[in-house]
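Notes for the one structure printed next.
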Amino acid sequence: MLKLNGLRLRLGDFTLEADLEVPARARVAVIGPSGAGKSTLLAAIAGFLKPEAGRILWEGRDITPLPPGDRPLSILFQDNNLFPHLTARQNAALGIRPSLRLSAEEWARVDAALARVGLAGLGDRRPAALSGGQQGRVALARMLLRRRPLMLLDE
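Rendered as structure tokens:
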């Protein structure tokens, strides 16, 4: 379960306050107008922004002080963060290991993840040769390969 307890972030003149409880295995959409703080909230949960007050709890454990890489989550950014010099397959494989030194079994997992998001047979293309939607699905495959229990999608 994810719980935001008295979370407060201040960015210039903007203040975001949040209290939220998300049960295990639930899917939640945070909706609102532009500038309402949706991306800011996700960035705080992911650990990219430090709240001035409150706690972020995952399964009862306070993850507020943890750096982003130590949190039990993956995040899909609005811009997908694909490396233009890598293929779709390599970009997705970054979800397993940034060095891209993968075993045959791990490469098979990458291919399965690409197929799962509808990109079977497109793994050798570079991002410039993919549509915007296909690029987003490469980033989604990368996120799925991380096998983290909490997935944040900033769309």
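Just so we're aligned: 325 in the working numbering is position 81 of the sequence shown, and the numbers increase by one with no gaps anywhere. We treat Cβ as the ideally placed atom computed from N, Cα and C, and that holds for glycine. The structure displayed is predicted, hence computed values, not measured ones.
Selection from the options that minimises the alpha carbon distance to residue i
i	options	result
residue 249	345, 286 and 262	262
residue 417	389, 395, 301 and 260	Residue 417 falls outside the range modelled here, since the chain spans only 245 to 399, and no answer is possible.
residue 394	322, 303, 280 and 298	303
residue 373	328, 305, 298 and 279	328
residue 259	341, 274, 280 and 391	280
Close beta carbons around residue i, own chain, < 7 Å, minus the five adjacent residues each side
i	result
residue 331	367, 368, 369 and 370
residue 336	354, 357, 358, 382, 385, 386 and 389
residue 392	316, 317 and 318
residue 379	324, 326 and 371
Residue environment, residue i, which counts as buried when at least 16 other CB atoms sit within 10 Å
i	result
residue 308	buried
residue 270	exposed
Rounded straight-line distance, which links the Cα of residue j to that of residue i
i	j	result
residue 339	residue 264	28 Å
residue 363	residue 276	31 Å
residue 375	residue 347	29 Å
residue 288	residue 294	6 Å
residue 290	residue 310	9 Å
residue 301	residue 256	26 Å
residue 343	residue 334	10 Å
residue 323	residue 283	12 Å
residue 272	residue 397	10 Å
residue 325	residue 341	16 Å
residue 399	residue 286	11 Å
residue 365	residue 377	16 Å
residue 268	residue 278	28 Å
residue 305	residue 345	33 Å
Neighbourhood of residue i by C-beta, 6 Å cutoff - its chain only, sequence neighbours within 5 removed
i	result
residue 296	252 and 254
residue 361	381, 384 and 385
Residues of its chain near residue i, where Cβ-Cβ distance is below 8 Å and the 5 sequence neighbours each way are ignored
i	result
residue 292	312
residue 246	264, 265, 266, 289, 300, 301, 302 and 394
residue 274	282, 285 and 286
Touching by the beta-carbon criterion (3+ pairs, under 8 Å), the stretch 347 to 356 and the stretch 299 to 318: no
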